[in-house]
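Chains R and L, in that order, are what the protein sequence lines are.
For the record, in the first sequence the residue sitting at position 137 is 137 according to the numbering used here, with numbers rising by one throughout.
For the record, in the second sequence the residue sitting at position 287 is 287 according to the numbering used here, with numbers rising by one throughout.
For every residue, glycine included, the Cβ atom is placed at its ideal position computed from N, Cα and C.
Below is one structure, written out as structure tokens; the observations come after it.
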Amino acid sequence: MMQPSASKPVWSGHSCPLPLLLFLILIFSTLSTPALTQDKPVVLKGGKLLTITHGVVENGTVVMQAGKITAAGAASAVSIPSDAQVIDVTGMTIYPGLIDSETNLGLTEISSEAMTNDLVERSDEIMPHMHTAEAFHAESVLIPVARMNGITNAVVAPEGLDTLPGQDSFIQLAGASATEMLLIRDNAMPLNFTGDERRNKGGFEKQKFPATRMGLAAQLRQAFIDAQDYKAKWTDYERKKADAAQNKDKKPEPLAPKRDLKLEALLPYLEGKKTIVLAAESPSDLQTAVNLANEFKLKFVLNHIAHSQPVLDYVASLKVPVIVGPIYEAPKEDERYDAVYSLPAQLYKRGVKIVFASYSAHNVRNLPDQAGFATAFGLPYDEALKAITINAAEIWGVADQLGSLDVGKTANIVVANGDPLDVKTDVRQVFIQGRAIPMTDRQTQLRDEYSK
Amino acid sequence: MRSISRKTFVLHCVWLTVTLASVAAFAQSAPAAHHDVVIKNATVMTVTHGNIKNGSIHIKDGKIAAVGESVTASADATVIDAGGKYLTPGIVDSHSHIALDDDVNEATSPVTPQMMMKDAFNYQDKAIYRALAGGVTTSLLLHGSANMIGGQAVVIKHKYRATRDEMLFPNAPRSIKFASGENPKRVYGSRDQLPSTRMGNFAVQREALVQAQDYMREWDNYNEKIRRNKDDKDVTPPKHDLKLEALADVLRGKLMVQIHIYRADEMLTEIAMAKEFGYKIRAFHHALEAYKVADQLAANNIAIATFSDWWGYKREAWDAIPWNAVMAMRKGVRVAIKSDSGDYDRRLNQEAAKTMRYGGATEEEALKMITLNAAWIVGVDDRVGSIDVGKDADLVIWNGYPLSSYGVPEKVLIDGEVYFDRSQPGLGTTHYKEGE
Numbered sequence: 001m002m003q004p005s006a007s008k009p010v011w012s013g014h015s016c017p018l019p020l021l022l023f024l025i026l027i028f029s030t031l032s033t034p035a036l037t038q039d040k041p042v043v044l045k046g047g048k049l050l051t052i053t054h055g056v057v058e059n060g061t062v063v064m065q066a067g068k069i070t071a072a073g074a075a076s077a078v079s080i081p082s083d084a085q086v087i088d089v090t091g092m093t094i095y096p097g098l099i100d101s102e103t104n105l106g107l108t109e110i111s112s113e114a115m116t117n118d119l120v121e122r123s124d125e126i127m128p129h130m131h132t133a134e135a136f137h138a139e140s141v142l143i144p145v146a147r148m149n150g151i152t153n154a155v156v157a158p159e160g161l162d163t164l165p166g167q168d169s170f171i172q173l174a175g176a177s178a179t180e181m182l183l184i185r186d187n188a189m190p191l192n193f194t195g196d197e198r199r200n201k202g203g204f205e206k207q208k209f210p211a212t213r214m215g216l217a218a219q220l221r222q223a224f225i226d227a228q229d230y231k232a233k234w235t236d237y238e239r240k241k242a243d244a245a246q247n248k249d250k251k252p253e254p255l256a257p258k259r260d261l262k263l264e265a266l267l268p269y270l271e272g273k274k275t276i277v278l279a280a281e282s283p284s285d286l287q288t289a290v291n292l293a294n295e296f297k298l299k300f301v302l303n304h305i306a307h308s309q310p311v312l313d314y315v316a317s318l319k320v321p322v323i324v325g326p327i328y329e330a331p332k333e334d335e336r337y338d339a340v341y342s343l344p345a346q347l348y349k350r351g352v353k354i355v356f357a358s359y360s361a362h363n364v365r366n367l368p369d370q371a372g373f374a375t376a377f378g379l380p381y382d383e384a385l386k387a388i389t390i391n392a393a394e395i396w397g398v399a400d401q402l403g404s405l406d407v408g409k410t411a412n413i414v415v416a417n418g419d420p421l422d423v424k425t426d427v428r429q430v431f432i433q434g435r436a437i438p439m440t441d442r443q444t445q446l447r448d449e450y451s452k
Numbered sequence: 001m002r003s004i005s006r007k008t009f010v011l012h013c014v015w016l017t018v019t020l021a022s023v024a025a026f027a028q029s030a031p032a033a034h035h036d037v038v039i040k041n042a043t044v045m046t047v048t049h050g051n052i053k054n055g056s057i058h059i060k061d062g063k064i065a066a067v068g069e070s071v072t073a074s075a076d077a078t079v080i081d082a083g084g085k086y087l088t089p090g091i092v093d094s095h096s097h098i099a100l101d102d103d104v105n106e107a108t109s110p111v112t113p114q115m116m117m118k119d120a121f122n123y124q125d126k127a128i129y130r131a132l133a134g135g136v137t138t139s140l141l142l143h144g145s146a147n148m149i150g151g152q153a154v155v156i157k158h159k160y161r162a163t164r165d166e167m168l169f170p171n172a173p174r175s176i177k178f179a180s181g182e183n184p185k186r187v188y189g190s191r192d193q194l195p196s197t198r199m200g201n202f203a204v205q206r207e208a209l210v211q212a213q214d215y216m217r218e219w220d221n222y223n224e225k226i227r228r229n230k231d232d233k234d235v236t237p238p239k240h241d242l243k244l245e246a247l248a249d250v251l252r253g254k255l256m257v258q259i260h261i262y263r264a265d266e267m268l269t270e271i272a273m274a275k276e277f278g279y280k281i282r283a284f285h286h287a288l289e290a291y292k293v294a295d296q297l298a299a300n301n302i303a304i305a306t307f308s309d310w311w312g313y314k315r316e317a318w319d320a321i322p323w324n325a326v327m328a329m330r331k332g333v334r335v336a337i338k339s340d341s342g343d344y345d346r347r348l349n350q351e352a353a354k355t356m357r358y359g360g361a362t363e364e365e366a367l368k369m370i371t372l373n374a375a376w377i378v379g380v381d382d383r384v385g386s387i388d389v390g391k392d393a394d395l396v397i398w399n400g401y402p403l404s405s406y407g408v409p410e411k412v413l414i415d416g417e418v419y420f421d422r423s424q425p426g427l428g429t430t431h432y433k434e435g436e
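Here you go:
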């Protein structure tokens with residue numbers, strides 16, 4: 001019925017156990033720089049480890065040193081460094097920090113207050129030269145709220161209003177400054193082809209280009225063709241320049257083409273060096289968008305596809321990962337109530353690698369709930385957990401650092417009182433780069449203030 | 001479902017129409033379930049008197065006739081074997097705007113108490129079905145919050161595919177929606193009209209209530225004269241004014257006042273206003289800062305219908321904390337978790353479960369927030385919201401523990417009849433026919 005109670009709960013209620021508290025005080029009082037550095041080894045001993053990559057270890061121990069995991073396995077098999085701070089986590093569940101594959105963290109504070117929002121540049125559909133990294137607000141009140149529930153890494157994406165709204169960032173949810181938190185700038189770029197949501201539709205008197213799916217597709221195609229031409233111009237210039245350098249007397253130095261930031265931003269994507277996050281909802285939009293992406297040989301992952309149930313075999317045939325959902329997306333009028341809830345399971349059955357995203361800023365903390373809910377509609381539990389850890393790390397190219405409890409990876413680790421995917425589970429401590437993150441945020445401060 | 005040909009589609013449409021007509025005809029002649037139903041082998045979460053392992057429920061004429069470890073029923077009773085699964089009362093959503101076709105705000109005047117949400121109720125809205133599939137059996141459909149005094153709510157039962165009138169909760173008490181804070185001041189302020197500030201908000205509200213007092217006095221005066229001399233030809237009756245009549249009913253205590261409100265200071269002002277005019281506030285809705293003034297809410301017997309963890313979507317939701325529900329409850333406030341959304345009403349059980357994590361509500365306390373407490377806010381707690389003899393047989397059989405990420409409804413009964421059955425193909429509604 002309720003969660004089976006822990007045999008020896010170390011941390012109950014809101015308060016930390018005394019040893020941990022003293023440990024935290026020690027850490028923060030001795031910190032010479034605000035940077036995330038781990039002073040001495042920390043050992044989590046006796047917990048249930050959800051390693052993600054090599055199963056569950058019931059009585060396990062994790063060692064964190066210099067910000068990395070240096071051991072993770074059965075308690076009996078792990079040796080504890082003599083100078084380590086050892087924390088007894090008997091009864092707790094230990095898992096890698098969770099990764100949210102699309103958020104607006106750092107781009108908004110109060111949704112209705114325009115001046116606190118930097119979500120999307122509304123002036124044009126084609127804005128690939130917008131960099132979320134340059135708007136990212138490291139001191140956002142929302143970030144501690146999210147990480148309190150074990151989300152340690154996330155993709156920051158602009159709002160999906162434009163066809164090409166700008167480039168994503170891959171962040172860590174702790175650090176002294178934006179520099180430390182932005183692990184990868186411009187790691188990917190959204191391409192939104194969710195035709196029903198286009199903003200220029202409406203009466204003829206208000207229409208402006210692009211107002212239809214045709215218009216959106218044509219504009220997008222033109223952008224990539226322009227980028228191809230731009231690239232050719234520069235290639236030609238480089239060739240002439242090299243030529244001139246070799247024949248100094250005969251050939252004049254060529255004039256460099258004018259830089260175009262928009263087109264320049266598209267080049268890494270056109271060259272297949274970076275990932276496009278291709279968002280569509282319905283089968284027809286999906287196929288139009290995929291055809292466009294293939295036309296320019298873009299490397300892509302799919303996003304949303306919440307209403308593409310009739311073409312899931314087609315989706316599987318693309319052999320690309322899918323950021324699915326949110327599964328709370330309302331079904332279409334004619335769809336069964338669970339048409340979207342069951343989408344992750346349907347994709348998994350077809351061999352598609354899936355990840356989850358909160359598509360949110362304020363509700364990032366609820367990311368694991370969605371993964372849990374998907375299991376109620378057929379997604380195997382282990383796959384649900386992978387979809388917010390290792391699968392995400394793989395898609396975003398950081399699987400060598402994140403997504404599992406494996407030696408050598410960054411010590412982003414969550415200590416919770418139970419199943420990470422259940423809404424009732426309370427996260428007791430989050431470690432980022434081996435450092436215990438203070439388990440306080442604006443909301444706990446208000447709670448404590450009014451509990452006096 | 002998607003690949004049916006045009007011809008069969010047309011046939012199905014005709015057939016469906018006929019079927020629906022016959023269902024409707026049947027339903028009109030038989031408004032309640034006559035037959036006995038027994039649900040056996042369930043873990044019954046009664047809400048009021050604990051859980052019963054291997055429990056059974058006897059349903060007669062749509063009401064709960066018996067609940068216990070074993071029940072007796074007639075031999076021809078329909079038996080549903082719950083297979084040891086959890087059985088809860090149907091969920092009550094004490095704040096919803098579904099099935100109103102977006103006709104939620106008559107934002108042409110800040111005071112529109114004569115608006116009847118019943119007049120906008122679209123009983124065919126699929127949102128009713130989707131909430132039903134999440135275990136919701138009763139909802140309070142409220143006016144929006146553009147106006148300081150919106151309109152009068154309608155209470156529905158989620159009998160998806162029944163007739164419109166069958167879906168109206170019979171003899172539910174009347175509720176009226178008040179609002180406060182950002183929404184009215186934004187809506188009217190953006191037009192350079194009153195109200196554009198919180199001062200304006202409350203002035204508009206007070207002005208309306210003063211008018212209602214005057215209106216009542218006029219009628220009292222008239223009635224008194226007629227009582228003294230019913231043949232007095234010099235006395236003419238005052239005008240009937242629907243708007244003031246509704247507000248007079250607030251002052252007469254005939255309308256339950258449900259107030260959209262965020263900030264603690266505004267709650268105190270609304271409490272003072274209610275005292276000034278002598279009416280009672282049934283519940284503060286949203287009430288995200290209730291934790292700051294919970295003592296005052298408890299002292300005035302004002303419930304809250306709140307979110308589990310929504311926050312930050314506007315300035316007045318900035319101090320929202322997920323411990324609000326439990327902190328208020330521990331101070332003696334009756335707390336409900338509501339959806340205010342066609343999304344969250346599909347999984348209110350999970351929202352309630354979050355109160356077990358944030359503040360440590362017990363299982364029963366959490367469940368109460370989406371059943372009995374919500375029913376109290378709606379004013380139907382004597383009819384629904386717990387598994388007790390005499391109450392409507394609005395019940396949910398869950399495939400797993402409902403206060404978790406994992407439990408989802410398998411069957412939902414309203415007035416003893418199955419309205420949702422997950423094992424059914426198509427929509428999973430019991431009136432499903434091939435080709436739907």
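Asked: Cα-Cα separation, Ala131(L) to Met273(L); Found: 35 Å
Asked: Within-8 Å CB hit, Ser140(R) to chain L; Found: no
Asked: The region 173-188 of chain L contacting the region 134-151 of chain L, beta-carbon criterion three pairs below 8 Å; Found: yes
Asked: Spatial distance of Asn349(L) from Ala366(L) (CA atoms); Found: 9 Å
Asked: Cutoff 8 Å; reference His35(L); Cβ partners in own chain excluding five residues on either side; Found: Asp76, Ala77 and Thr78
Asked: Chain-ordered neighbours of Leu421(R) on chain L, where CB pairs are closer than 7 Å; Found: Ser405
Asked: Classification of Met440(L) by the beta-carbon crowding that lies within 10 angstroms, buried from 16 upward; Found: Absent from the model: residue 440(L). The displayed extent of chain L is 1 to 436, so no value can be given.
Asked: Beta-carbon proximity of Thr389(R) to Ile99(R), cut-off 8 Å; Found: yes
Asked: Classification of Glu295(R) by the beta-carbon crowding that lies within 10 angstroms, buried from 16 upward; Found: exposed
Asked: Where the alpha helix (DSSP H) through Tyr129(L) begins and ends; Found: Lys126 to Leu132
Asked: Selection of the region 328-351 of chain R by Cβ proximity to chain L, strictly under 8 Å; Found: Tyr328, Ala330, Pro331, Glu333, Asp334, Arg336, Tyr337 and Asp338
Asked: Top-ranked residue by Cα proximity to Trp219(L), from Glu245(L), Gln296(L) and Thr430(L); Found: Glu245(L)
Asked: Inter-stretch contact at 8 Å, needing at least 3 Cβ pairs: the region 119-134 of chain R / the region 258-277 of chain R; Found: yes
Asked: Cβ contact (3+ pairs, closer than 8 Å) linking the region 73-83 of chain R and the region 384-399 of chain R; Found: no
Asked: Rounded distance between the beta-carbons of Arg365(R) and Lys149(R), thought under 8 Å; Found: With the sequence shown as reference, residue 149(R) is identified as Asn, and Lys is not the correct amino acid for it. Between Arg365(R) and Asn149(R) the Cβ distance is about 4 Å, and since that is below 8 Å, they are a contact.
Asked: Reduced DSSP secondary structure (H/G/I, E/B, other) of Leu50(R); Found: strand
Asked: Euclidean distance between Cα positions of Gln287(R) and Gln433(R); Found: 41 Å
Asked: Under 7 Å by beta carbon: chain R residues contacting Ile321(L); Found: Gln443, Leu446 and Arg447
Asked: Near the ligand HEM: Gln433(R) beta-carbon under 7 Å from a heavy atom; Found: Absent from the structure shown: the ligand HEM. Ligands present: none.
Asked: Short CB-CB distance (under 8 Å) between Gly372(R) and chain L; Found: yes
Asked: Where Met488(R) sits in the DSSP three-state scheme; Found: Residue 488(R) cannot be examined here, being either before or after the span of chain R that is shown, 1 to 452.
Asked: Min CB distance Thr425(R) to chain L below 8 Å; Found: yes
Asked: Beta-carbon proximity of His304(R) to Ala279(R), cut-off 8 Å; Found: yes
Asked: Where the region 175-207 of chain L meets chain R: residues whose CB sits under 7 Å from a CB there; Found: none
Asked: Status (buried if at least 16 other CB within 10 Å, exposed otherwise) for Ala73(L); Found: buried
Asked: Residues near Asp83(R) by beta carbon distance below 8 Å, same chain, minus five either side; Found: Lys40 and Pro41
Asked: Proximity below 8 Å, CB of Gly67(R) to CB of Ala399(R); Found: no
Asked: Residue burial classification, Ile64(L) (beta-carbon count within 10 angstroms, cutoff 16); Found: buried
Asked: CB of Tyr358(L) within 8 Å of CB of Val335(L), strictly; Found: no
Asked: C-beta atoms of Val104(L) and Val71(L) nearer than 8 Å; Found: no
Asked: Contacting positions in the region 100-120 of chain R - beta carbon closer than 9 Å to chain L; Found: Thr108, Glu109, Ile110, Ser111, Ser112 and Glu113
Asked: Segment contact, 8 Å Cβ cut-off, at least three pairs: the region 319-330 of chain R with the region 49-69 of chain R; Found: no
Asked: Entirely enclosed alpha helix (DSSP H) segments - the region 340-365 of chain L, minimum 4 residues; Found: 348-357
Asked: Buried versus exposed, by CB contacts within 10 Å (16 or more), Lys113(L); Found: Note that residue 113(L) corresponds to Pro in the displayed sequence, not to Lys. When all chains shown are included, Pro113(L) counts as buried.
Asked: Pairwise C-alpha distance: Leu107(R) and Phe431(R); Found: 24 Å
Asked: Paired residues, beta bridge with Asn303(R) - DSSP; Found: Ala279(R) and Ile323(R)
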